[in-house]
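Participant: Heads up: the sequence lines are chains A and B, in that order. Every letter in the first sequence is one number past the one before it in the working numbering, and letter 58, counting from 1, is 58. Count along the second sequence from 1, then add 153; that gives the number in the working numbering. Even glycine gets a Cβ: it sits at the ideal position worked out from N, Cα and C. Just so we're clear, the structure is a prediction, and the values are computed from it rather than from any experiment.
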Amino acid sequence: MSVGAQIQRLRKQYPESTSAVLPALRLAQEEHGGWLPPEALREVAEALDLTPAHCLSIASFYDQFRLEPMGRTVIEVCTNVSCALSGAQQVVEAFERELGIDAGSTSEDGAFTLGSVECLGGCGWATVVAVDNRHRLRVQAADVPGIVEELRA
Amino acid sequence: MPERPQIVFAGTNGGALTQFEDYAAVGGFAPLRKARSMAPDDVIAELESSGLRGRGGAFFPTGRKWAFVPKPDQLAKPHYLVVNADESEPGTFKDREIMLRVPFRFLEGCLIAAHAISSQHVFVYIRGEYEQEFEVLRESLEAMRKADLLGGVTVVIHRGAGAYICGEETALLESLEGKRGQPRTKPPFPAIAGLYAAPTAVNNVESITTVTSVLELGATEYAKLGVENSTGTRVFSLSGDVVNPGNYELPHGITLRELIYDVGGGVPGGRELKAIIPGGSSTSILTGADIDTPLDFTSLVQAGSSIGSAGVIVIDERCCMVQLGIRVSQFYEHESCGKCTPCRVGTRWLTQILQKIEGGRASQPDLDLLLSVCDRIMGKCLCPLGDSDAIAVLSYVDRFRDEYQAHIDLGRCPFDGESSLEGILAPSAMHESPAHGIARV
Numbered sequence: 001m002s003v004g005a006q007i008q009r010l011r012k013q014y015p016e017s018t019s020a021v022l023p024a025l026r027l028a029q030e031e032h033g034g035w036l037p038p039e040a041l042r043e044v045a046e047a048l049d050l051t052p053a054h055c056l057s058i059a060s061f062y063d064q065f066r067l068e069p070m071g072r073t074v075i076e077v078c079t080n081v082s083c084a085l086s087g088a089q090q091v092v093e094a095f096e097r098e099l100g101i102d103a104g105s106t107s108e109d110g111a112f113t114l115g116s117v118e119c120l121g122g123c124g125w126a127t128v129v130a131v132d133n134r135h136r137l138r139v140q141a142a143d144v145p146g147i148v149e150e151l152r153a
Numbered sequence: 154m155p156e157r158p159q160i161v162f163a164g165t166n167g168g169a170l171t172q173f174e175d176y177a178a179v180g181g182f183a184p185l186r187k188a189r190s191m192a193p194d195d196v197i198a199e200l201e202s203s204g205l206r207g208r209g210g211a212f213f214p215t216g217r218k219w220a221f222v223p224k225p226d227q228l229a230k231p232h233y234l235v236v237n238a239d240e241s242e243p244g245t246f247k248d249r250e251i252m253l254r255v256p257f258r259f260l261e262g263c264l265i266a267a268h269a270i271s272s273q274h275v276f277v278y279i280r281g282e283y284e285q286e287f288e289v290l291r292e293s294l295e296a297m298r299k300a301d302l303l304g305g306v307t308v309v310i311h312r313g314a315g316a317y318i319c320g321e322e323t324a325l326l327e328s329l330e331g332k333r334g335q336p337r338t339k340p341p342f343p344a345i346a347g348l349y350a351a352p353t354a355v356n357n358v359e360s361i362t363t364v365t366s367v368l369e370l371g372a373t374e375y376a377k378l379g380v381e382n383s384t385g386t387r388v389f390s391l392s393g394d395v396v397n398p399g400n401y402e403l404p405h406g407i408t409l410r411e412l413i414y415d416v417g418g419g420v421p422g423g424r425e426l427k428a429i430i431p432g433g434s435s436t437s438i439l440t441g442a443d444i445d446t447p448l449d450f451t452s453l454v455q456a457g458s459s460i461g462s463a464g465v466i467v468i469d470e471r472c473c474m475v476q477l478g479i480r481v482s483q484f485y486e487h488e489s490c491g492k493c494t495p496c497r498v499g500t501r502w503l504t505q506i507l508q509k510i511e512g513g514r515a516s517q518p519d520l521d522l523l524l525s526v527c528d529r530i531m532g533k534c535l536c537p538l539g540d541s542d543a544i545a546v547l548s549y550v551d552r553f554r555d556e557y558q559a560h561i562d563l564g565r566c567p568f569d570g571e572s573s574l575e576g577i578l579a580p581s582a583m584h585e586s587p588a589h590g591i592a593r594v
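Right under this line is the structure:
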């Protein structure tokens with residue numbers, strides 16, 4: 001099914017079609033390899049009778065929408081208070097060492113994007129690391145080399 | 154060890170009730186049948202007499218909130234129930250465990266609430282990052298649909314996309330309408346003009362799940378739990394410098410000491426308890442001396458704080474309180490929606506002044522300026538996001554004034570690089586996008 005047809009199905013869930021913008025952008029992002037290039041915004045806009053500029057204004061507001069190409073694997077480390085008290089800084093630094101990139105950037109081969117992010121809602125299981133949105137719990141700096149090895153395999 | 158009645162997590166025995174038959178076997182769906190045999194007003198009256206108050210942070214009486222929604226013959230528009238599952242308050246991680254472990258009790262509560270406000274449309278706005286929780290809810294909903302339990306009500310599980318502000322109810326409604334999640338001016342309140350400008354009740358996941366339990370136990374039995382003004386149990390999220398972090402369902406009115414030491418195993422390594430954030434990062438900090446404060450609405454107000462979302466963050470002696478201020482302020486700065494100037498600009502000012510203090514570059518007027526900026530944020534915005542930053546920072550300065558003063562007097566951080574938050578990191582994603590011609594601000 002085309003992206004446009006899938007969006008049409010999404011919009012039927014809602015009394016007003018504009019409500020389908022978030023799910024439609026999520027869908028378009030998945031279809032476009034994890035980010036929203038300008039053509040993805042045009043597709044969503046067309047399917048929902050909106051303008052691409054409106055869709056960009058929405059996409060740029062929410063952290064989970066990506067407006068730049070991402071690595072094939074996206075690693076996000078929560079660095080909010082509870083994780084930070086449990087050593088999240090060291091976890092980020094360990095990922096930076098293992099991947100050879102700074103937080104907030106993508107490796108040159110396009111394999112990994114590393115980020116430090118706000119509270120992922122797992123404060124009691126600190127440090128929380130999201131790998132492609134799947135949460136790994138109680139991660140410590142010493143676990144990081146093993147995680148990266150596993151993800152590279 | 155304090156008593157631990159299980160209400161929200163009843164029947165789970167520490168596990169999960171994710172199979173339809175298992176949930177039905179512990180009495181599941183009987184509360185829904187009971188509610189549907191009652192007039193909507195009687196369900197609301199039952200909730201009012203249970204004393205249940207909202208678990209999202211504002212502690213507003215659930216039954217009263219529903220009573221504000223006009224009757225269908227008073228306002229001929231569709232009525233909506235919107236469930237706030239956008240749990241994002243730092244220190245809080247209870248709603249996700251509720252959705253994972255008792256998804257049917259939660260969805261059953263949605264249908265009971267829909268009946269109470271005469272709604273045929275339920276939207277569950279779930280945090281975009283909660284992938285597994287979304288899948289569990291979707292499967293559970295499908296099982297209820299197959300069992301013909303929805304009774305003509307449409308339930309849509311709607312995923313957010315990463316914005317703390319969407320936990321604020323009017324921002325959530327904006328987001329659900331497909332807009333940027335920016336709070337609305339109130340009034341009108343959602344009960345009158347909420348989703349699509351129609352009557353809407355917005356309730357938190359734990360509140361809605363507890364609704365099922367109230368119907369099952371009856372208001373009188375439920376109200377026997379907890380203390381006056383704070384009936385029932387609460388799912389406390391315990392995190393930070395504590396031996397056994399996690400979610401614990403306990404009656405309101407247990408003390409911080411019971412939660413942190415008896416249930417949570419105390420502070421690791423026998424270190425000294427320095428501070429406690431009792432209700433998520435938006436609440437005023439308490440000191441170790443407040444350890445005997447009961448965890449209920451009134452007691453925490455008397456202690457100068459708030460029960461908030463019941464996310465209890467434990468902080469031991471290793472933590473620099475200026476660094477804590479920076480980290481908390483960075484969060485609110487990042488999450489400010491930008492609509493109101495005092496919040497958009499003020500949160501950044503707070504971070505920068507705190508960084509100056511931490512870096513040993515501050516002089517006495519900087520501390521006064523910090524407090525002045527807090528004052529210029531508080532009560533001057535459409536929603537409490539900026540206030541939360543100001544309330545938190547003010548409380549750190551108020552309770553740990555000597556430590557702030559020491560940074561200024563010494564011209565450096567007295568922790569000398571040994572604070573548990575040393576090297577704190579701000580979020581790295583800042584929406585820079587050459588592909589779309591968006592430059593870093």
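Contact check, B/G331 vs A/S19 under 8 Å by CB: the rounded distance?
Facilitator: Translated into positions along the second sequence, residue 331 of chain B becomes position 178. Translated into positions along the first sequence, residue 19 of chain A becomes position 19. Yes, they are in contact, since the Cβ atoms of B/G331 and A/S19 sit about 5 Å apart, within 8 Å.
Participant: At what residues does the beta strand (DSSP E) containing A/E76 begin and finish?
Facilitator: The count along the first sequence starts at 1 and reaches residue 76 of chain A at position 76. Looking at the DSSP string, the run of the beta strand (DSSP E) that includes A/E76 is T73 to C78.
Participant: Listed in chain order, which residues of the stretch 247 to 264 of chain B have Cβ atoms closer than 7 Å to some Cβ of chain A?
Facilitator: Taking 7 Å as the Cβ-Cβ cut-off against chain A, the residues of the stretch 247 to 264 of chain B that qualify are R249.
Participant: Quickly, what does DSSP pair B/I561 with across the bridge? List them, please.
Facilitator: Here residue 561 of chain B refers to the residue found at position 408 of the second sequence. Its beta-bridge partners do not exist; DSSP assigns none.
Participant: On a CA-only basis, which of B/K247, B/T494 and B/D195 is nearest B/D540? Give me that one, please.
Facilitator: If you number the second sequence from 1, residue 540 of chain B lands on position 387. Looking at the Cα atoms, B/T494 is the closest of the given residues.
Participant: Would DSSP call B/L522 helix, strand or coil?
Facilitator: Numbered from its first residue, the second sequence carries residue 522 of chain B at position 369. Residue state, collapsed to three classes: helix.
Participant: Which residue wins for smallest C-alpha separation from B/L538, given the options B/H589, B/P243, B/E288 and B/G371?
Facilitator: Position 385 of the second sequence, counted from the start, is the residue given in the question as residue 538 of chain B. Of the listed residues, the one whose Cα sits closest to B/L538 is B/P243.
Participant: Keeping to the same chain, check which residues put their C-beta closer than 6 Å to that of B/K492; ignore five residues upstream and five downstream.
Facilitator: By 1-based counting over the second sequence, the position of residue 492 of chain B is 339. Hits under 6 Å: Q335.
Participant: Apply the 10 Å Cβ neighbour rule to B/Q476 and answer buried if 16 or more other Cβ atoms are within range, or exposed otherwise.
Facilitator: The residue labelled residue 476 of chain B in the question sits at position 323 within the second sequence. B/Q476 should be labelled buried.
Participant: Starting from the N-terminal side, write out each stretch of the alpha helix (DSSP H) that is 4 residues or longer and does not extend beyond the stretch 335 to 372 of chain B.
Facilitator: Segments of the alpha helix (DSSP H) lying fully in the stretch 335 to 372 of chain B: 343 to 346 and 358 to 370.
Participant: Since I believe B/G379 is in contact with B/P404 (beta carbons under 8 Å), could you give me their beta-carbon distance rounded to a whole number of angstroms?
Facilitator: As a first step, residue 404 of chain B must be located in the second sequence, where it is residue number 251. As a first step, residue 379 of chain B must be located in the second sequence, where it is residue number 226. Indeed they touch by this definition, with Cβ atoms about 5 Å apart.
Participant: Determine the chain B residues that contact A/R152 at a beta-carbon separation under 7 Å, and present them in chain order.
Facilitator: Start at 1 with the first residue of the first sequence, and residue 152 of chain A comes out as number 152. Within chain B, no residue comes near A/R152; the closest Cβ sits about 22 Å away, beyond 7 Å.
Participant: Report the neighbours of A/R26 on chain B: residues whose CB is nearer than 7 Å to its CB, in chain order.
Facilitator: Here residue 26 of chain A is taken as the residue at index 26 of the first sequence, counted from 1. What A/R26 touches in chain B: R312 and A314.
Participant: For the alpha helix (DSSP H) containing A/E96, list its first residue and its last residue.
Facilitator: By 1-based counting over the first sequence, the position of residue 96 of chain A is 96. That run of the alpha helix (DSSP H) goes A88 to L99.
Participant: Which chain B residues are close to A/L10, counting only those with a beta carbon under 9 Å from its beta carbon?
Facilitator: Walking along the first sequence from the start, residue 10 of chain A turns up at place 10. Residues of chain B passing the Cβ test: none, with the nearest at roughly 10 Å.
Participant: Alpha carbon to alpha carbon, how far is B/V308 from A/L56?
Facilitator: Locating residue 308 of chain B in the second sequence gives position 155, counting from the first residue. Locating residue 56 of chain A in the first sequence gives position 56, counting from the first residue. Whole-angstrom Cα-Cα distance: 28 Å.
Participant: Figure out for me which residue from B/P421, B/A545 and B/G371 has the closest Cα to the Cα of B/G393.
Facilitator: Along the second sequence, one-based indexing puts residue 393 of chain B at 240. Checked all of B/P421, B/A545 and B/G371; the closest Cα to B/G393 is B/P421.
Participant: Using C-beta distances below 8 Å, list every residue in its chain close to B/P518, excluding the 5 sequence neighbours before and after it, in chain order.
Facilitator: Mapped onto the second sequence, residue 518 of chain B falls at position 365. Same-chain partners within the cutoff: there are none.
Participant: Check the C-beta distance from B/I413 over to B/A428 and give it rounded, since I have them as a contact under 8 Å.
Facilitator: Residue 413 of chain B sits at position 260 when you count from the first residue of the second sequence. Residue 428 of chain B sits at position 275 when you count from the first residue of the second sequence. So it is not a contact: roughly 12 Å between Cβ atoms.
Participant: Please check the pair B/R424 and B/S572, which I expect to be a contact at CB under 8 Å, by giving their CB distance rounded to whole angstroms.
Facilitator: Counting from 1 along the second sequence, the entry for residue 424 of chain B is found at position 271. Counting from 1 along the second sequence, the entry for residue 572 of chain B is found at position 419. So it is not a contact: roughly 13 Å between Cβ atoms.
Participant: Have a look at B/S383, B/R529, B/L524 and B/L453 and flag the residue whose alpha-carbon is nearest the alpha-carbon of B/D551.
Facilitator: By one-based count along the second sequence, residue 551 of chain B stands at place 398. If we check each option's Cα against that of B/D551, B/L524 comes out closest.
Participant: Quick check: the stretch 32 to 40 of chain A against the stretch 59 to 66 of chain A, are at least 3 beta-carbon pairs closer than 8 Å?
Facilitator: Yes, they touch.
Participant: Counting only runs that start and end within the stretch 216 to 298 of chain B, where is the alpha helix (DSSP H) found for 4 or more residues in a row?
Facilitator: Listed in chain order, they are 247 to 254 and 256 to 269.
Participant: So with CB distances below 8 Å, who are the chain A contacts of B/V481?
Facilitator: Here the question's residue 481 of chain B lines up with position 328 in the second sequence. Those are V81, listed as they occur along chain A.
Participant: Nearest to B/R254 by alpha carbon, out of B/P231, B/P223, B/I160 and B/L329?
Facilitator: Locating residue 254 of chain B in the second sequence gives position 101, where the first residue counts as 1. Nearest of B/P231, B/P223, B/I160 and B/L329 to B/R254, Cα basis: B/I160.
Participant: Taking just the CA atoms, how far does A/A47 sit from A/G4?
Facilitator: To locate residue 4 of chain A, count along the first sequence from 1; it is residue 4. To locate residue 47 of chain A, count along the first sequence from 1; it is residue 47. The alpha-carbon atoms of A/G4 and A/A47 are separated by roughly 6 Å.
Participant: Within 10 Å of its beta-carbon, does B/G315 have 16 or more other beta-carbons around it, so buried, or fewer, so exposed?
Facilitator: Taking the first residue of the second sequence as position 1, residue 315 of chain B is located at position 162. That one is buried.
Participant: What does DSSP give as the partner residue(s) for B/T440 in the beta ladder?
Facilitator: Counting from one through the second sequence, the residue named residue 440 of chain B turns up at place 287. Partner(s): B/A428.
Participant: Quick one: residues in its chain with C-beta nearer than 6 Å to the C-beta of B/R387, no 5 flanking neighbours on either side, listed in chain order?
Facilitator: Walking along the second sequence from the start, residue 387 of chain B turns up at place 234. For B/R387, where only same-chain residues beyond five positions count, the Cβ hits under 6 Å are H405 and A463.
Participant: I want to verify the contact list: residues of chain B whose CB lies under 8 Å from the CB of A/I58, in sequence order.
Facilitator: Position 58 of the first sequence holds residue 58 of chain A. The contacting residues are G331, K332 and R333.
Participant: Could you name the residues of the same chain whose beta carbon sits closer than 7 Å to that of A/S82, not counting the 5 residues immediately before and after it, in chain order?
Facilitator: For the purposes of this step, residue 82 of chain A is identified with residue 82 of the first sequence, where counting begins at 1. Closer than 7 Å at the Cβ level, and outside the excluded window around A/S82, lie C123 and A126.
Participant: Can you list the residues of chain B that A/A103 reaches, using a CB-CB cut of under 8 Å?
Facilitator: Mapped onto the first sequence, residue 103 of chain A falls at position 103. What A/A103 touches in chain B: L578 and S581.
Participant: Could you check whether A/A94 and A/V144 sit closer than 8 Å to each other, using their CB atoms as the reference points?
Facilitator: Residue numbering aside, residue 144 of chain A sits at position 144 when the first sequence is read from its first letter. Residue numbering aside, residue 94 of chain A sits at position 94 when the first sequence is read from its first letter. Yes. Within cutoff.
Participant: What are the start and end residues of each continuous alpha helix (DSSP H) run of 4 or more residues lying completely inside the stretch 477 to 545 of chain B, in chain order?
Facilitator: You should have 494 to 511 and 517 to 530.
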